[in-house]
Amino acid sequence: MLAFWELDYLSQNSAARRKAIYTDVNRKPANIFEQILNQSLSVLGEIELKLAEVGNPPAPAAMILATPSSTAASTIPSPPPIPMSQISPLLTSPPSSTRKFLEGVQSKDGSTPTLQHVIQKLPYQPPSVAEVEASATKGFKSKMEPFLASPWGGMFRQSIHATTSQLIPNVGLQVNAVQAISRLVTSSLLEDEYGIVQKHASTLLASFISTMDTLEKYLSSPPISWTDVESIQKQEKGELNLVEPHLLLSALKGGFKDIATAYAPYIDRMELSSDTKRIVLEARERGLP
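First residue of the sequence shown? That's 0 in numbering that gives the first Met the number 0, and the numbers climb one at a time after it.
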């Protein structure tokens with residue numbers, strides 16, 4: 000963290016140190032600027048990966064119901080069909096619901112009916128496991144929410160602020176990295192005699208766009224636990240403020256705007272994707288907040 004802080008300070012205040020970075024072109028396997036760029040992209044990539052994983056929880060495992068093979072011979076014979084009396088219909092009473100059910104589940108070919116087939120024939124369909132769990136969870140939440148909203152419930156809440164701080168534990172590191180690399184890239188247009196930096200500008204712009212998009216998605220729909228009743232209310236009112244993502248997003252927007260403005264005359268000659276080029280041109284015309 001201290002290294003990026005120092006780099007940020009020098010990139011902002013020392014033209015001589017910036018020039019020393021630009022002119023170090025013989026170092027192998029990567030020159031000084033490329034090493035700085037790789038470290039900066041790595042720092043942003045880690046945060047982007049963490050936030051993306053939180054926004055995409057793993058899909059629940061599929062439930063596989065074991066059913067007997069149609070080709071396998073059944074070891075339990077099917078009960079014989081219930082014999083029907085040839086008595087006149089006028090002397091018989093209407094068939095009971097029990098008899099109708101038994102007739103419905105009996106196999107026509109002598110095979111054993113499956114449990115699923117029997118359940119489907121029941122006049123009352125029992126709730127699924129998911130429905131039972133959802134009902135129980137809803138009842139539990141309704142009883143716990145008043146307690147969680149009280150002063151005594153604070154220690155039992157899973158705060159979104161704590162979750163976010165764990166995802167971005169050293170936001171100053173990312174902010175310093177963004178500010179330092181942005182300053183080096185913009186200053187290189189006048190100070191980089193060999194043009195080493197310019198060929199990497201498109202990679203940095205694409206990385207900034209990707210990280211900004213991930214941060215904005217996280218802020219628009221943060222993974223707030225149902226126990227964090229206070230944050231849920233603030234989110235509904237648009238008053239929830241998550242410090243770390245906002246600080247990093249602000250630094251990224253500022254750096255992106257500076258690079259897009261400085262490189263605007265050279266956009267057509269840069270190897271940019273169509274989406275990146277469009278965003279850069281929009282940033283140049285209207286600026287980013």
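No residue lacks a Cβ here, since even glycine has one placed at the ideal position from N, Cα and C. These numbers come from a predicted model, not from an experiment.
Inter-residue Cα distance where the pair is residue i and residue j
{"i": "valine 228", "j": "leucine 203", "result": "39 Å"}
{"i": "aspartate 7", "j": "asparagine 175", "result": "6 Å"}
{"i": "serine 10", "j": "glutamine 232", "result": "42 Å"}
{"i": "lysine 198", "j": "serine 164", "result": "35 Å"}
{"i": "asparagine 25", "j": "glutamate 192", "result": "14 Å"}
{"i": "glycine 194", "j": "serine 230", "result": "49 Å"}
{"i": "serine 251", "j": "tyrosine 265", "result": "The sequence shown places leucine at residue 251, not serine. C-alpha separation (whole angstroms): 21 Å."}
{"i": "proline 234", "j": "lysine 216", "result": "As written in the sequence, residue 234 is glutamine, which differs from the proline given in the question. Spanning the two alpha carbons is a distance of roughly 14 Å."}
{"i": "leucine 50", "j": "serine 187", "result": "32 Å"}
{"i": "alanine 259", "j": "alanine 282", "result": "7 Å"}
{"i": "proline 28", "j": "arginine 16", "result": "21 Å"}
{"i": "asparagine 37", "j": "lysine 236", "result": "40 Å"}
{"i": "glycine 44", "j": "isoleucine 208", "result": "12 Å"}
{"i": "isoleucine 46", "j": "histidine 160", "result": "16 Å"}
{"i": "aspartate 267", "j": "arginine 277", "result": "11 Å"}
{"i": "glutamate 238", "j": "glutamate 5", "result": "35 Å"}
Nearest neighbour of residue i, chosen from the options [CA to CA]
{"i": "valine 42", "options": "Lys27, Ala19 and Ala179", "result": "Ala179"}
{"i": "threonine 210", "options": "Lys236, Thr162, Thr275 and Ile31", "result": "Thr275"}
{"i": "serine 201", "options": "Glu238, Ser273 and Lys18", "result": "Ser273"}
{"i": "threonine 221", "options": "Asn240, Phe207, Thr260 and Ser206", "result": "First, the residue type needs correcting, since residue 221 is proline and not threonine in the sequence shown. Among Asn240, Phe207, Thr260 and Ser206, the Cα nearest to that of proline 221 is on Asn240."}
{"i": "tyrosine 262", "options": "Leu251, Pro28, Leu246 and Val279", "result": "Val279"}
{"i": "threonine 162", "options": "Val242, Leu246, Pro264 and Ala2", "result": "Val242"}
{"i": "serine 13", "options": "Ile167, Val196 and Glu190", "result": "Glu190"}
{"i": "valine 196", "options": "Phe32, Ala15 and Leu1", "result": "Phe32"}
{"i": "tryptophan 225", "options": "Glu281, Ser158, Leu50 and Gln38", "result": "Ser158"}
{"i": "valine 3", "options": "Ile35, Lys216 and Leu251", "result": "The residue you asked about is not valine; residue 3 is phenylalanine in the sequence shown. Of the candidates Ile35, Lys216 and Leu251, the one whose C-alpha sits nearest the C-alpha of phenylalanine 3 is Ile35."}
{"i": "leucine 246", "options": "Lys236, Arg268, Leu1 and Ile167", "result": "Ile167"}
{"i": "leucine 306", "options": "Asp212, Arg277, Asn30 and Ala15", "result": "Outside the shown range of the chain, which is 0 to 288, sits residue 306, and nothing can be said about it."}
{"i": "isoleucine 223", "options": "Val53, Gln38 and Pro28", "result": "Val53"}
Same chain only: Cβ atoms within 6 Å of residue i, ignoring 5 sequence neighbours per side
{"i": "leucine 214", "result": "Pro244 and Leu248"}
{"i": "alanine 65", "result": "Low per-residue confidence applies at alanine 65: pLDDT is 44, beneath 50, and the placement is therefore not dependable, though the value from the model is reported in the following sentence. Answer for alanine 65: no residue qualifies."}
{"i": "glycine 254", "result": "Val177 and Ser181"}
{"i": "leucine 40", "result": "Ser206"}
{"i": "leucine 218", "result": "Pro244"}
{"i": "aspartate 257", "result": "Ser181 and Thr185"}
{"i": "leucine 183", "result": "Ser10"}
{"i": "asparagine 30", "result": "Asp23 and Val24"}
Cβ shell of residue i (< 7 Å), same chain only, five flanking positions each side left out
{"i": "glutamate 270", "result": "Ser201"}
Are at least three pairs of beta-carbons, each pair with one atom in the stretch 17-28 and one in the stretch 165-172, less than 8 Å apart? no
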